[in-house]
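Right, one structure below, let's go through it.
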Amino acid sequence: MDRIWCDNDCKCERYRIFLLALYLQLLANERGGKPTRTQLKNKNRKNTNPWRVKSAIQNNQRASQHESRDGGQEMNTIPFIRVSGPAIERGRQLGELAKEQISQNITMYRQYFQEVYRVDWDEARAYATTYVPWIEQYDMEIMDEIRGMSEGANLDLLDLVVLNARSEIIINIGKAHSVLDGCTCLAATPIVTKEQEMLIGQNWDWNHLISPGMIVVEIDQSPKPTILMVTEAGIVGKIGMNSEGLGLCMNFLGMDEVSEGGVPIHVVLRGILNSNTLPKAIGQITKLPRGTSANYMIAHKEGESVDVEATHNDYDVIYPLDGCTTHTNHFIAPRMLNIEDTKRNGIPDTHLRQGVATRLLTTQSGSIDAETFKRIFTNHAGHPVGICRHGEAMADAEAAGTAKTVFSIIMNLNKGCFELTAGNPCENPYETYCLK
Ligand SMILES: [Zn+2]
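Residue numbers for the sequence shown follow the working numbering, beginning at 82 and rising by one.
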């Protein structure tokens with residue numbers, strides 16, 4: 082009898098311990114325990130206010146490129162780096178902390194230039210020297226930051242200038258044309274968004290071999306605005322936002338013109354991100370000729386956005402009268418319609434992406450939110466060259482020039498946060514980064 086009682090008691094005790102463990106586990110999950118990959122995906126699907134979720138990566142860690150987040154499963158993660166101080170000093174910090182990624186990018190472009198554009202590295206370096214005076218004339222601090230990066234990474238200064246002028250090298254001295262490009266940008270102003278917020282974002286499509294060289298960087302450069310952006314390590318400006326509520330996306334554009342000098346477009350991107358208002362940002366595009374053509378989609382938390390199509394020596398500005406703007410890789414501004422548009426001819430999917438993105442955005446007018454952007458950024462019409470671009474599915478997927486979506490970003494300028502994927506958004510969860 083005693084033994085039977087004891088068995089039942091032990092079973093009850095084990096059951097109580099099991100229930101207690103289950104309860105504690107549920108409590109831990111409820112309080113924000115480490116999410117599994119599935120939970121991250123579900124979180125993104127359900128839009129459970131992801132803006133409140135600050136990524137742990139913000140703690141200025143050099144996260145590994147393929148950090149294990151849930152019991153050993155590999156997940157792409159873009160390393161986060163925070164730097165501060167005067168231009169030379171923050172450049173040194175960047176060079177030191179991102180040396181591995183900068184070196185990776187130099188190696189990648191050395192191969193890419195040679196295999197796709199038949200430009201060897203010495204030729205690229207020689208051509209890059211012509212851009213140093215342009216960068217210095219544009220903003221000496223930006224040139225100082227590049228010098229600091231070369232010192233911090235212990236790499237030759239000209240190699241860093243090559244990275245910052247890599248678009249001009251490809252367009253102006255490339256001996257072959259690659260048609261493998263992309264990028265789809267969206268902006269929605271408060272009059273059409275669900276929460277009356279300013280949203281701007283894009284899929285950035287480029288050579289898939291660049292992925293290991295990408296970083297997210299926060300640059301505290303007081304008294305200028307603090308910048309939070311995603312960029313190719315070693316390049317001073319790309320896609321992101323600043324502490325004054327300004328956000329920036331971009332598309333490559335092409336025209337049948339070889340420019341004689343000008344400011345490298347990635348330096349122009351930094352000039353825009355250094356600006357605290359839209360007029361000043363436009364002024365950063367127009368104050369000097371550009372090294373090549375590009376489209377700059379710029380928005381501000383005050384609720385306005387503009388889109389600037391700029392060639393070497395001309396530009397036009399599109400204002401979103403219906404509250405939405407979309408842009409892909411061809412010129413659409415009235416002033417630009419008669420130029421010889423090389424991207425339009427080379428990547429005709431630009432028209433489909435522009436049309437699909439416009440339809441999917443404008444038909445949601447009044448209820449647009451981050452989920453609307455995600456639905457657009459995962460659209461595969463025209464696969465493999467759709468908005469969510471899958472260069473790896475193309476026949477020549479191993480070629481150095483194969484383009485795919487390297488990252489997808491959605492910025493909420495009122496909250497000072499962006500959501501970002503490392504890789505195609507159909508396969509990778511968005512993670513949130515906020516300005517400190
Ligand atoms: Zn996809």
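C-beta atoms are modelled at their ideal positions from N, C-alpha and C, and glycine is treated no differently.
*asked:* Could you compute how far the alpha carbon of Ser340 sits from the alpha carbon of Glu421?
replied: Numbered from 1 along the sequence shown, position 259 holds the residue referred to as residue 340. Numbered from 1 along the sequence shown, position 340 holds the residue referred to as residue 421. Annotation: Ser340 to Glu421 spans about 14 Å, alpha carbon to alpha carbon.
*Asn245 beta carbon less than 9 Å from that of Tyr212*: The residue given as residue 212 occupies position 131 in the sequence shown. The residue given as residue 245 occupies position 164 in the sequence shown. Contact: yes.
_I believe Thr265 touches Gln283 by the beta-carbon criterion, under 8 Å. Please report the beta-carbon distance rounded to the nearest angstrom._
Working through the sequence shown from its first residue, we reach residue 265 at position 184. Working through the sequence shown from its first residue, we reach residue 283 at position 202. Gln283 and Thr265 do touch by the CB rule: their CB atoms are close to 6 Å apart, below 8 Å.
*Taking all protein chains shown into account, decide if His464 is buried (16 or more other Cβ within 10 angstroms of its Cβ) or exposed.*
Locating residue 464 in the sequence shown gives position 383, counting from the first residue. Exposed, by the Cβ-count rule.
*Using 8 Å as the cut-off, classify the Cβ of His471 as near or not near the heavy atoms of ligand 1, replying yes or no.*
The residue labelled residue 471 in the question sits at position 390 within the sequence shown. Flag set: Cβ of His471 near ligand 1.
*asked:* Taking 8 Å as the cut-off, is the beta-carbon of Pro506 closer than that to any non-hydrogen atom of ligand 1?
replied: Here residue 506 refers to the residue found at position 425 when the sequence shown is read from its first residue. Yes, the Cβ of Pro506 comes within 8 Å of a heavy atom of ligand 1.
*asked:* Please give me, in chain order, every unbroken run of the beta strand (DSSP E) with length at least 3 that falls completely inside the stretch 370-457.
replied: Unbroken beta strand (DSSP E) runs of no fewer than 3 residues, entirely contained in the stretch 370-457, are found at 375-381, 385-391, 396-399, 405-408, following chain order.
*Use the C-beta contact count for Ala207: other C-beta atoms within 10 angstroms, 16 or more gives buried, fewer gives exposed.*
Against the sequence shown, residue 207 aligns to sequence position 126. Under this definition Ala207 is an exposed residue.
*Would you tell me roughly how many angstroms separate the C-alpha atoms of Phe412 and Asp430, rounded to the nearest one?*
Locating residue 412 in the sequence shown gives position 331, where the first residue counts as 1. Locating residue 430 in the sequence shown gives position 349, where the first residue counts as 1. The alpha-carbon atoms of Phe412 and Asp430 are separated by roughly 14 Å.
*For Leu501, the first and last residue of its enclosing beta strand (DSSP E)*: Translated into the one-based positions of the sequence shown, residue 501 becomes position 420. Here the beta strand (DSSP E) through Leu501 covers 498-503.
*Please state whether DSSP places Ser589 in a helix, a strand or coil.*
Residue 589 lies beyond the range of the chain shown here (82 to 517); nothing can be said about it.
*asked:* Spatial neighbours of Gln182 within its chain, please: C-beta separation below 6 Å, excluding the five flanking residues on both sides.
replied: The residue labelled residue 182 in the question sits at position 101 within the sequence shown. These residues qualify, in order along the chain: Gly294, Ile296, Ala314.
*asked:* Whole angstroms are fine: how far does the CA of Ile428 sit from the CA of Asp337?
replied: Here the question's residue 337 lines up with position 256 in the sequence shown. Here the question's residue 428 lines up with position 347 in the sequence shown. Straight-line measurement puts the Cα of Ile428 at about 15 Å from the Cα of Asp337.
*Pull up the distance between the alpha-carbon of Val349 and that of Gly447, whole angstroms please.*
Locating residue 349 in the sequence shown gives position 268, where the first residue counts as 1. Locating residue 447 in the sequence shown gives position 366, where the first residue counts as 1. The straight-line gap from Cα to Cα measures roughly 33 Å.
*With a 10 Å radius around its C-beta and 16 neighbouring C-beta atoms as the bar for buried, classify Asn394 as buried or exposed.*
The residue given as residue 394 occupies position 313 in the sequence shown. The residue is exposed, with fewer than 16 neighbouring Cβ atoms inside 10 Å.
*How many angstroms separate the CA atom of Gly472 from the CA atom of Asp237?*
Taking the first residue of the sequence shown as 1, we reach residue 472 at position 391. Taking the first residue of the sequence shown as 1, we reach residue 237 at position 156. Cα atoms of Gly472 and Asp237: separation of roughly 32 Å, rounded to the nearest angstrom.
*Can you list, in chain order, the residues of its chain whose CB lies under 7 Å from that of Ser356, leaving out five sequence neighbours each side?*
The sequence position of residue 356 within the sequence shown is 275, counting from 1. Contacts found: Leu327, Ala362, Gln365.
*Cβ of His258 within 8 Å of any heavy atom in ligand 1?*
Counting from one through the sequence shown, the residue named residue 258 turns up at place 177. Checking every heavy atom of ligand 1 against the Cβ of His258, none is found closer than 8 Å.
*Is the beta carbon of Ala380 sitting closer than 9 Å to the one on Thr270?*
For this step, residue 380 is matched to residue 299 along the sequence shown. For this step, residue 270 is matched to residue 189 along the sequence shown. Contact flag set, yes.
*asked:* Just to confirm, is the Cβ distance from Ala209 to Ile159 under 9 Å?
replied: Translated into the one-based positions of the sequence shown, residue 209 becomes position 128. Translated into the one-based positions of the sequence shown, residue 159 becomes position 78. Not in contact: Ala209 and Ile159 (Cβ atoms no closer than 9 Å).
_Helix, strand or coil for Ile184? Go by DSSP, reduced to three states._
Numbered from 1 along the sequence shown, position 103 holds the residue referred to as residue 184. Position check: residue 184 holds Ser in this sequence, whereas Ile was assumed. The answer is helix: DSSP assigns Ser184 an H, G or I state.
*asked:* Can you find the residues in the same chain that come closer than 7 Å, C-beta to C-beta, to Thr423, ignoring five residues on each side of it along the sequence?
replied: By one-based count along the sequence shown, residue 423 stands at place 342. Non-local beta-carbon contacts of Thr423 in its own chain, meaning distances under 7 Å to residues more than five positions away in sequence, involve Gly335, Met336, Asp337 in chain order.
_Give me the residue from Asp201, Gly233, Thr407, Ser184 with the minimum Cα distance to Gln174._
Within the sequence shown, numbered from 1, the residue matching residue 174 stands at position 93. Ranking Asp201, Gly233, Thr407, Ser184 by CA distance to the CA of Gln174 puts Gly233 first.
*Run the proximity test for Thr486: is its beta-carbon closer than 8 Å to any non-hydrogen atom belonging to ligand 1?*
What you label residue 486 is simply residue 405 of the sequence shown in a count that begins at 1. Yes, ligand 1 has a heavy atom inside 8 Å of this Cβ.
_Measuring only from the beta carbon, is Thr483 closer than 8 Å to any heavy atom that is part of ligand 1?_
On the sequence shown, residue 483 is found 402 positions in, with the first residue counted as 1. No.
*What do you get for Arg559, buried or exposed, if any count of 16 or more other CB atoms within 10 angstroms of its CB means buried?*
Examination of residue 559 is not possible in this model, given that the chain is present from 82 through 517 alone.
*If you draw a straight line from the C-alpha of Ile272 to the C-alpha of Asn495, how long is it?*
Numbered from its first residue, the sequence shown carries residue 272 at position 191. Numbered from its first residue, the sequence shown carries residue 495 at position 414. Distance from the CA atom of Ile272 to the CA atom of Asn495, rounded to whole angstroms, is 14 Å.
_Proximity to Ala391 [Cα-Cα], best of Cys405, Leu402, Lys382, Leu418_ = Reading the sequence shown from its first residue, position 310 is the one you call residue 391. Out of Cys405, Leu402, Lys382, Leu418, Leu418 has the C-alpha closest to the C-alpha of Ala391.
*Mind checking which residues open and close the alpha helix (DSSP H) that includes Gly238?*
Counted from its first residue, the sequence shown places residue 238 at position 157. Note that residue 238 is Leu in the sequence shown here, rather than Gly. Annotation: the continuous alpha helix (DSSP H) that includes Leu238 extends over 238-245.
*Between Arg434 and Gly255, is the Cβ-Cβ spacing less than 9 Å?*
Sequence index remark: in the sequence shown, residue 434 carries index 353 (1-based). Sequence index remark: in the sequence shown, residue 255 carries index 174 (1-based). Contact flag unset, no.
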